[in-house]
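Asker:
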Amino acid sequence: MAFWGDYHTHTEYSHGKGTVEDNVQAGIARGLKAVAITDHGITGYPHNLHPAYFEDFLADVESVRLAHPEINLLSGIEANLISGKGDLDLTEVEQEKLDFIICGFHQVRIPDKADFFFDFWLPNFLPIKNRRSRIMKNTDAYVNAVQRYRVGVIAHPLRSIGCDLRVIGELAKEYGVYVELNSKKCQLSPQDFETLGKTGCEFIVNSDAHEPERVGDFSAVELFDQAGLDRKLIANWNRFPTFR
Ligand SMILES: [Zn+2]
Ligand SMILES: [Zn+2]
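Remember, the numbering used here sits 81 above the position in the sequence shown when you count from 1.
#1: By the three-class DSSP mapping on this structure, what secondary structure does I249 have?
#2: Specify the secondary structure class of D289 as computed by DSSP and reduced to three states.
#3: To which residues of the same chain is R312 closer than 7 Å at the C-beta, ignoring the five residues directly before and after it?
#4: Listed by chain order, which residues have C-beta atoms less than 6 Å from any heavy atom of ligand 2?
#5: Is it the case that the stretch 143–157 contacts the stretch 184–204, given that we only count it when at least three CB pairs across the two stretches are under 8 Å?
#6: Report the option in H291, R325, D245 whose CA atom is closest to the CA atom of T276.
#7: Under three-state DSSP, which class holds S214?
#8: Note down the Cα distance separating A140 from I209, rounded to an integer number of angstroms.
#9: How many Å lie between G165 and D137 at the Cα?
#10: Taking a contact to mean a Cβ-Cβ separation below 7 Å, would you say T90 touches I118 in this structure?
#11: With DSSP as the reference, label G157 as helix, strand or coil.
#12: Mind checking whether the beta-carbon of G185 lies closer than 6 Å to any heavy atom of ligand 1?
#13: How many angstroms separate the CA atom of D298 from the CA atom of R190?
#14: Please report the straight-line C-alpha distance between R33 and G309, rounded to a whole angstrom.
#15: Sorted by chain position, which residues of the same chain lie with C-beta nearer than 6 Å to P293's C-beta, five sequence neighbours on each side aside?
#16: Alpha carbons only, please: which of K265, C282, P271 is nearest the one belonging to D87?
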């Protein structure tokens, strides 16, 4: 009984500290059957994979994959939610070259468009971020992103941005998207787990490692266990997830 793979790890292609090879070596050392490299992106800003290096990123993952047939290595991107319309910062061409996509909101993503800044980023900084109307707008943004892109994982719900977890859970269930339990920081309360559990959605537990030493950290599962949910709902517990 074990977690088979860690599907959210960063490297120096965005603002992680290790290389693709380092993360894979760490995954092998911890007995994992799979690791995904999911750098932030894809923009020209700090913290994110630069579009100019996207092909290098893919080639690097491919060469490490060939060198380590003992582990299943996947390529992904943790794309930023950048508008209420559900825009993500990766192109359709880039999306098609990846094994799967993670979607998350990050306050460090520098706003470069008026609608991103005024309609989405700024309101999520101001006190109005806690208003019901704002939370529903954020929730709509996730719904739109999942409808428009091949999102496989909704990253760290409730980090930096509010949303309606009942709607998110129903969305995840309908589209076959996994709701992430993020071991770097999991903001979900026992009540939140109960809300998500009722929707019938599936979960994935990841490290969100920004250094190789943290690859294979699945400690967020403790909160899941405390909430009394069944580990059969976790897509990387004793099985491989199937990304859309
Ligand atoms: Zn993130
Ligand atoms: Zn991350």
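A virtual CB, placed ideally from N, CA and C, is assigned to each residue, including glycine. These figures come from a predicted structure and were not determined experimentally.
Answerer: Taking the structure as given:
#1: helix
#2: coil
#3: W318
#4: H89, H91, E159, D289
#5: No, the stretch 184–204 is not in contact with the stretch 143–157.
#6: D245
#7: helix
#8: 44 Å
#9: 31 Å
#10: yes
#11: G157: strand per DSSP, three-state reduction.
#12: yes
#13: 25 Å
#14: With the chain running from 82 to 325 in the structure shown, residue 33 is simply not present.
#15: G99, D103, N104, A107
#16: K265
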